[in-house]
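First comes the structure, then the notes that go with it.
Number of protein chains: 2
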Amino acid sequence: MSQTIRIGVCGYGNLGRGVEAEIVKNPDMELAAVFTRRKPAGSLKIKADVPVAHTSSAPEWKDKIDVLILCGGSANDLPAQGPEFAGMFNTVDSFDTHAKIPEYLKAVDEAAKAGGRISVISAGWDPGLFSLMRLYMEAVNPDGKTYTFWGRGVSQGHSEAVRGLDGVLDAIQYTIPDESAAGRVRNGETPGLTVREKHTRLCYVAAEEGADKARIEREIKEMPYYFSDYDTTVTFISLEELRRDHGKLTHGGNVIHTAKTGAGNRHLMEFSLKLDSNPEFTASVLLACARAAYRLFEKGERGARTMFDIPPVLLSRAGVSETVQTLL
Amino acid sequence: MSQTIRIGVCGYGNLGRGVEAEIVKNPDMELAAVFTRRKPAGSLKIKADVPVAHTSSAPEWKDKIDVLILCGGSANDLPAQGPEFAGMFNTVDSFDTHAKIPEYLKAVDEAAKAGGRISVISAGWDPGLFSLMRLYMEAVNPDGKTYTFWGRGVSQGHSEAVRGLDGVLDAIQYTIPDESAAGRVRNGETPGLTVREKHTRLCYVAAEEGADKARIEREIKEMPYYFSDYDTTVTFISLEELRRDHGKLTHGGNVIHTAKTGAGNRHLMEFSLKLDSNPEFTASVLLACARAAYRLFEKGERGARTMFDIPPVLLSRAGVSETVQTLL
Numbered sequence: 004m005s006q007t008i009r010i011g012v013c014g015y016g017n018l019g020r021g022v023e024a025e026i027v028k029n030p031d032m033e034l035a036a037v038f039t040r041r042k043p044a045g046s047l048k049i050k051a052d053v054p055v056a057h058t059s060s061a062p063e064w065k066d067k068i069d070v071l072i073l074c075g076g077s078a079n080d081l082p083a084q085g086p087e088f089a090g091m092f093n094t095v096d097s098f099d100t101h102a103k104i105p106e107y108l109k110a111v112d113e114a115a116k117a118g119g120r121i122s123v124i125s126a127g128w129d130p131g132l133f134s135l136m137r138l139y140m141e142a143v144n145p146d147g148k149t150y151t152f153w154g155r156g157v158s159q160g161h162s163e164a165v166r167g168l169d170g171v172l173d174a175i176q177y178t179i180p181d182e183s184a185a186g187r188v189r190n191g192e193t194p195g196l197t198v199r200e201k202h203t204r205l206c207y208v209a210a211e212e213g214a215d216k217a218r219i220e221r222e223i224k225e226m227p228y229y230f231s232d233y234d235t236t237v238t239f240i241s242l243e244e245l246r247r248d249h250g251k252l253t254h255g256g257n258v259i260h261t262a263k264t265g266a267g268n269r270h271l272m273e274f275s276l277k278l279d280s281n282p283e284f285t286a287s288v289l290l291a292c293a294r295a296a297y298r299l300f301e302k303g304e305r306g307a308r309t310m311f312d313i314p315p316v317l318l319s320r321a322g323v324s325e326t327v328q329t330l331l
Numbered sequence: 004m005s006q007t008i009r010i011g012v013c014g015y016g017n018l019g020r021g022v023e024a025e026i027v028k029n030p031d032m033e034l035a036a037v038f039t040r041r042k043p044a045g046s047l048k049i050k051a052d053v054p055v056a057h058t059s060s061a062p063e064w065k066d067k068i069d070v071l072i073l074c075g076g077s078a079n080d081l082p083a084q085g086p087e088f089a090g091m092f093n094t095v096d097s098f099d100t101h102a103k104i105p106e107y108l109k110a111v112d113e114a115a116k117a118g119g120r121i122s123v124i125s126a127g128w129d130p131g132l133f134s135l136m137r138l139y140m141e142a143v144n145p146d147g148k149t150y151t152f153w154g155r156g157v158s159q160g161h162s163e164a165v166r167g168l169d170g171v172l173d174a175i176q177y178t179i180p181d182e183s184a185a186g187r188v189r190n191g192e193t194p195g196l197t198v199r200e201k202h203t204r205l206c207y208v209a210a211e212e213g214a215d216k217a218r219i220e221r222e223i224k225e226m227p228y229y230f231s232d233y234d235t236t237v238t239f240i241s242l243e244e245l246r247r248d249h250g251k252l253t254h255g256g257n258v259i260h261t262a263k264t265g266a267g268n269r270h271l272m273e274f275s276l277k278l279d280s281n282p283e284f285t286a287s288v289l290l291a292c293a294r295a296a297y298r299l300f301e302k303g304e305r306g307a308r309t310m311f312d313i314p315p316v317l318l319s320r321a322g323v324s325e326t327v328q329t330l331l
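Chains A and B, in that order, are what the protein sequence lines are.
According to the numbering used here, the first sequence is numbered sequentially starting from 4.
According to the numbering used here, the second sequence is numbered sequentially starting from 4.
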């Protein structure tokens with residue numbers, strides 16, 4: 004057992020850089036290595052003074068890393084990487100394809116058990132902290148109703164989808180919650196609201212010179228799954244404006260629960276996040292989960308977990324007696 | 004192992020009545036008995052159709068109750084009842100004398116271990132859900148700052164203190180959070196705020212005819228610990244107005260955390276409660292904790308716990324796979 008928890012980072016995109024930046028706030032952890040699929044690995048320049056290695060050499064690091072944080076994407080990286088690395092490392096990831104979580108949990112659980120390791124999957128803020136809030140709220144008031152609103156914030160998937168259109172230089176998409184819908188919920192109404200009714204979408208697009216903006220706008224608004232079911236606004240701005248005013252990966256949202264008890268007494272619970280940097284905040288959550296994963300492993304637990312399974316105190320650097328004294 | 008979790012209620016004040024009212028929302032639980040110190044116990048009339056027994060006969064119920072919810076007060080009841088009953092029942096309580104929690108935890112832990120039982124202490128919303136929020140927020144962003152605001156809501160302790168003054172027929176005290184202080188925190192400031200700076204106190208008092216109102220007001224405002232450190236407003240109203248307009252035990256509050264990551268990115272987390280009935284909401288939390296206590300006991304765990312120690316999924320009637328599918 005090492006003095007500090009040795010963290011490995013697999014994938015050096017926004018999330019990986021967030022882990023690198025935020026680990027310094029956790030004196031019980033140290034960054035041990037960064038893994039990349041770039042070839043040669045040495046061509047990846049990182050800020051921290053730690054080894055950079057190719058992902059394929061990760062198995063050689065099995066005994067030098069306590070928890071590997073998987074910073075790849077849910078669409079293309081994690082479905083394979085999750086089970087693969089769970090067999091040789093304790094891992095934490097932010098797998099967020101909601102519909103596929105049960106299947107992913109099963110695959111990672113089997114791999115982690117076979118390898119004698121522990122994994123925490125689908126950590127972050129949604130899934131993650133927002134999931135926890137939904138669970139606590141519904142456990143406490145089982146006949147209440149829970150609403151999740153996302154935004155105002157940047158959806159990276161939707162931004163990518165717009166960037167992929169012909170004639171688009173760059174673009175960013177904000178998901179905007181409907182404040183009047185949130186207001187109705189806070190007032191104790193329990194409307195049946197679809198995701199579409201709770202949110203609108205706003206795109207800022209920098210188009211190529213001479214591009215057919217009417218066509219781009221139409222293609223965005225008609226894009227199935229991403230935009231066609233939403234009220235979408237498209238605004239064309241210059242590339243300079245886009246880079247200057249829309250460079251931050253802000254996000255956030257609200258989980259709101261309303262319930263009644265006794266003779267019609269109303270109860271409102273609400274959790275909200277306003278994040279300047281979605282990847283840095285998500286990285287912070289993953290680090291707390293890495294601590295918990297390490298402690299669960301030390302206790303002898305094996306297999307895959309979600310934040311639902313983690314005793315909250317295991318996330319905190321402070322131990323039981325300090326948290327009881329200062330936070331309870 | 005019984006089909007449903009058999010709940011006992013010890014103490015039939017506001018909180019005990021809340022448990023009786025809210026247990027029906029939890030089909031996996033049933034009310035088994037209510038214990039009272041009234042003599043004879045049968046003189047206590049309750050709504051539910053279950054036995055009422057004297058507290059001293061509780062030991063005879065050891066095998067007929069899965070979890071006993073202690074609904075007594077923190078000042079006079081729980082310090083003795085907690086350890087006493089933890090030796091013979093799985094228990095849940097809402098012990099909320101913050102400064103004495105570590106000592107209480109130790110006493111209950113020893114008793115529960117000696118008796119081979121499990122206890123969840125200091126559950127509710129503060130301590131309880133608010134504590135959990137402070138813990139999650141600080142675990143995720145360890146260098147941020149957390150603020151707790153209470154109210155607007157009725158402080159039963161402060162109301163009692165005013166009622167005890169000569170010439171007072173009845174009274175109610177509202178704790179009011181300073182919205183401008185909360186606003187500063189939400190704006191990312193990290194002011195050093197005392198409890199006094201975050202809250203004011205508002206008393207509605209019905210005085211006896213001919214009572215010296217100036218003296219009553221002075222005695223309230225100068226009352227050490229309760230009021231002398233606060234900006235306190237005293238308003239005299241008729242007994243009819245008091246009973247008509249101020250009959251509800253409303254409460255609530257906010258836990259707000261601000262932090263920075265990376266190159267000055269700001270993050271705001273906030274949890275808020277607005278409760279029409281403090282005791283009924285608290286009872287709801289205690290019931291979820293009773294479910295967790297029962298499950299921990301079935302798993303073979305023994306001793307005292309707080310909500311910090313409880314894997315969130317254990318609070319929910321739904322199991323792991325259902326919560327993963329519907330809430331994660």
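Here a beta-carbon is modelled for each residue, glycine too, at the ideal position from N, C-alpha and C.
Since we're looking at a predicted model, the values are computed, not measured.
task = Quick one: list the residues of chain A neighbouring MET272/B, beta-carbon separation under 7 angstroms, in chain order.
result = Residue numbering aside, residue 272/B sits at position 269 when the second sequence is read from its first letter. For MET272/B, the residues of chain A that pass the 7 angstroms Cβ criterion are LEU276, in the order they occur in the chain.
key: Extent of the continuous beta strand (DSSP E) run through GLN176/B   = Indexing the second sequence from 1 puts residue 176/B at position 173. In the DSSP assignment, GLN176/B falls within the beta strand (DSSP E) that extends over 171-180.
task = Measure from the C-beta of TYR139/A to each C-beta in chain B and report whether the shortest distance is under 9 angstroms.
result = On the first sequence, residue 139/A is found 136 positions in, with the first residue counted as 1. Taking a beta-carbon distance threshold of 9 angstroms, TYR139/A counts as an interface residue toward chain B.
Helix, strand or coil at GLY213/B [DSSP, three-state] = Numbered from 1 along the second sequence, position 210 holds the residue referred to as residue 213/B. Looking at GLY213/B - three-state DSSP - the assignment turns out to be coil, as it is neither helix nor strand.
task = Taking HIS254/A and GLY156/A to be in contact with their CB atoms under 8 angstroms, please state how far apart those CB atoms are, rounded to whole angstroms.
result = As a working note, residue 254/A is residue 251 in the first sequence. As a working note, residue 156/A is residue 153 in the first sequence. Right, their Cβ atoms sit about 3 angstroms apart.
task = Please list the partners that ALA185/A has in chain B, where partner means a Cβ-to-Cβ separation under 9 angstroms.
result = Counted from its first residue, the first sequence places residue 185/A at position 182. The premise fails here: ALA185/A is roughly 13 angstroms from chain B at the closest Cβ pair, so nothing lies under 9 angstroms.
query = Does any residue of chain A bring its CB to less than 9 angstroms from the CB of SER122/B?
reply = Counting from one through the second sequence, the residue named residue 122/B turns up at place 119. Chain A, which has no Cβ nearer than 9 angstroms to the Cβ of SER122/B, makes this no.
task = Please list, in chain order, all residues of the same chain as SER287/B whose beta carbon is under 8 angstroms from its beta carbon, the five residues on each side excluded.
result = Here residue 287/B refers to the residue found at position 284 of the second sequence. If we look at SER287/B and ignore the five residues flanking it on each side, its Cβ neighbours are GLY21, GLU25 and LYS28.
message = Relative to the C-alpha of ALA61/B, which candidate in CYS13/B, TYR177/B and ILE124/B has its C-alpha closest?
response = In the second sequence, the residue the question calls residue 61/B occupies position 58. Checking every option, the nearest Cα to that of ALA61/B belongs to CYS13/B.
inquiry  = Three or more C-beta pairs under 8 angstroms: does that hold for the region 144-161 of chain A against the region 260-275 of chain A?
reply    = Note that the region 144-161 of chain A touches the region 260-275 of chain A; at least 3 beta-carbon pairs, one per stretch, sit closer than 8 angstroms.
task = Taking 9 angstroms as the cut-off, decide whether the C-beta atoms of VAL208/A and ALA174/A are in contact.
result = Taking the first sequence and counting its residues from 1, the one referred to as residue 208/A is at position 205. Taking the first sequence and counting its residues from 1, the one referred to as residue 174/A is at position 171. Going by C-beta atoms, VAL208/A is nearer than 9 angstroms to ALA174/A.
task = Identify whether LEU331/B lies in helix, strand or coil by the three-state DSSP scheme.
result = The residue labelled residue 331/B in the question sits at position 328 within the second sequence. When secondary structure is reduced to three states using DSSP, LEU331/B falls in the coil class, being assigned neither helix nor strand.
ask   = By the criterion of Cβ-Cβ separation under 9 angstroms, what are the contact partners of ARG204/B in chain A?
value = Walking along the second sequence from the start, residue 204/B turns up at place 201. ARG204/B does not reach chain A, its nearest Cβ partner there being about 23 angstroms away, counting only Cβ pairs nearer than 9 angstroms.
request  = Specify whether the region 213-223 of chain A and the region 183-190 of chain A touch according to this definition: at least 3 beta carbon pairs, one from each stretch, less than 8 angstroms apart.
outcome  = The region 213-223 of chain A is not in contact with the region 183-190 of chain A.
ask   = So which residues on chain A does LYS216/B lean against when the C-beta distance must stay under 8 angstroms?
value = Counting from one through the second sequence, the residue named residue 216/B turns up at place 213. Neighbours of LYS216/B in chain A, taken as residues at a C-beta separation under 8 angstroms, are lacking, since the least C-beta distance is about 33 angstroms.
inquiry  = Is there a C-beta anywhere in chain A that falls below 9 angstroms from the one on SER324/B?
reply    = Position 321 of the second sequence holds residue 324/B. At least one CB atom of chain A sits nearer than 9 angstroms to the CB of SER324/B.
ask   = Could you check where the alpha helix (DSSP H) with LYS277/A kicks off and where it finishes?
value = Translated into positions along the first sequence, residue 277/A becomes position 274. DSSP places LYS277/A outside any alpha helix (DSSP H); the residue lies instead in the beta strand (DSSP E), whose first and last residues are 268-278.
message = Looking at chain A, is there any beta carbon in it that lies within less than 9 angstroms of the beta carbon of LEU318/B?
response = Here residue 318/B is taken as the residue at index 315 of the second sequence, counted from 1. Yes, LEU318/B counts as interfacial toward chain A.
key: chain A contact for ILE313/B (CB, 9 angstroms cutoff)   = Locating residue 313/B in the second sequence gives position 310, where the first residue counts as 1. Yes, its Cβ sits closer than 9 angstroms to a Cβ of chain A.
Where the beta strand (DSSP E) through VAL237/B begins and ends = For this step, residue 237/B is matched to residue 234 along the second sequence. VAL237/B: member of the beta strand (DSSP E) spanning 235-239, first to last residue.
Nearest residue (CA-CA) to ASP31/B, options LEU331/B, VAL70/B and GLY19/B = Counting from one through the second sequence, the residue named residue 31/B turns up at place 28. For the residues LEU331/B, VAL70/B and GLY19/B, the minimum Cα distance to ASP31/B belongs to VAL70/B.
query = Roughly how many whole angstroms lie between the Cα atoms of ARG9/B and VAL53/B?
reply = Counting from one through the second sequence, the residue named residue 9/B turns up at place 6. Counting from one through the second sequence, the residue named residue 53/B turns up at place 50. Taking the straight line from one Cα to the other gives about 12 angstroms.
ask   = Where DSSP assigns a beta bridge to TRP128/A, which residues make up the other side?
value = Here residue 128/A refers to the residue found at position 125 of the first sequence. TRP128/A is bridged to GLY131/A.
request  = Answer yes or no: does any C-beta atom of chain A fall closer than 9 angstroms to that of ALA286/B?
outcome  = Indexing the second sequence from 1 puts residue 286/B at position 283. Output row for ALA286/B: interface = yes.
ask   = Residue ranges of each alpha helix (DSSP H) run of no fewer than 4 residues wholly in the region 102-164 of chain B, ordered along the chain?
value = Fully enclosed alpha helix (DSSP H) runs of 4 or longer: 104-118 and 132-143.
task = Measure the C-alpha to C-alpha separation of GLY75/B and LEU196/A and round it to an integer number of angstroms.
result = Translated into positions along the second sequence, residue 75/B becomes position 72. Translated into positions along the first sequence, residue 196/A becomes position 193. Distance between the alpha carbons of GLY75/B and LEU196/A is about 41 angstroms.
task = Would you kindly report the start and end of the unbroken alpha helix (DSSP H) that includes PHE300/A?
result = Taking the first residue of the first sequence as position 1, residue 300/A is located at position 297. Where PHE300/A is concerned, the enclosing alpha helix (DSSP H) stretches over 281-301.
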